[in-house]
Amino acid sequence: MPGVCPDESLARIYVNRYERRAEDRRQAIALHGPNCQACGFDFEATYGPEGAGLVHVHHTVPVSRLAWNYELDPRTDLVPLCPNCHYMAHRRSDPYTVAELRRMVSTAGHLPGAVVTDAQLAAQEAARRITSSRPE
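Converting from the sequence shown to the working numbering requires adding 54 to each position, the first position being numbered 1.
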């Protein structure tokens, strides 16, 4: 019968849900700005007032890897990304860093300005290792 889903098409999936604090998001955007930190996309400039505040906020270390008592720092742990860059960041199990995303966009010729250096990538990788190896 058209328009009806058969019973076998229903699948129940159980996942962990991590609560996000609106205040952390607000602080991250206040600190880093409302534009995508990887490609520079500006929702408000593109869509007008209706686009203001629509940027995603990405956790630099996945929430699933943080200890339950971890004190989140919006300055270092959160970064505004447009939905496209946010999706790209999660294309692998160990998310791409903002520097890696900027390099991809720049290498493709879509990012004006400086290219991220190997030293900057190495520093970000070292920071990732330090933050992901914190004791629980």
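All C-beta atoms, glycine included, are put in the ideal place defined by N, C-alpha and C.
Test item: CB-CB of Pro-128 and Gly-107 under 8 Å: no
Close Cβ partners of Gly-105 (< 6 Å) along its chain, the five nearest in sequence each way excluded: Phe-97, Glu-98
Ranges of the alpha helix (DSSP H) found wholly within the region 75–125, counting only runs of at least 4: 76–86, 97–101
Beta bridge counterpart(s) of Pro-134 as assigned by DSSP: Val-111
Contacting residues, own chain, Cβ-Cβ under 6 Å from Ala-95 (five flanking each side not counted): Ala is not the amino acid found at residue 95; the sequence shown has Phe there. Excluding sequence neighbours, Phe-95 sits near Cys-136.
Where Thr-130 falls, given that 16 or more other Cβ within 10 Å makes a residue buried: exposed
Reduced DSSP category for Thr-185 - H, G, I as helix; E, B as strand; rest coil: helix
Leu-120 versus His-112: straight-line alpha-carbon distance, rounded: 14 Å
Whole-Å CB distance - Arg-156 paired with Val-115, under 8 Å assumed: Rounded, the Cβ-Cβ distance is 18 Å, inconsistent with contact.
Contact set for Val-152: own chain, Cβ-Cβ below 7 Å, skip 5 residues either direction: Gln-91, Ala-92, Val-133
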